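Numbering (the numbering used here), first residue to last: 252 to 302.
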């Protein structure tokens, strides 16, 4: 992808912006954000499969 233009489409907002006091708290939040994103896409995939 180096030197190439890409287009990004945001599908769903996970949360508002947060300032973290420590890198540990940031890492914890990233894990929560990742789980929310996975859950969103799992549910969306099931809905698409079921029609």
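From the three backbone atoms N, C-alpha and C, an ideal C-beta is built for every residue, glycine too. This structure is a prediction, so every number in the text was calculated from the model and none was measured.
- Residues of the same chain with their beta carbon placed closer than 6 Å to that of residue 289 are lacking, with the five preceding and five following residues left out of the count.
- With a beta-carbon spacing of about 15 Å, residue 265 and residue 293 fall beyond the 8 Å limit used to define contacts.
- One alpha carbon belongs to residue 275, the other to residue 282, and they sit about 11 Å apart.
- When DSSP states are grouped into helix, strand and coil, residue 290 belongs to the helix group.
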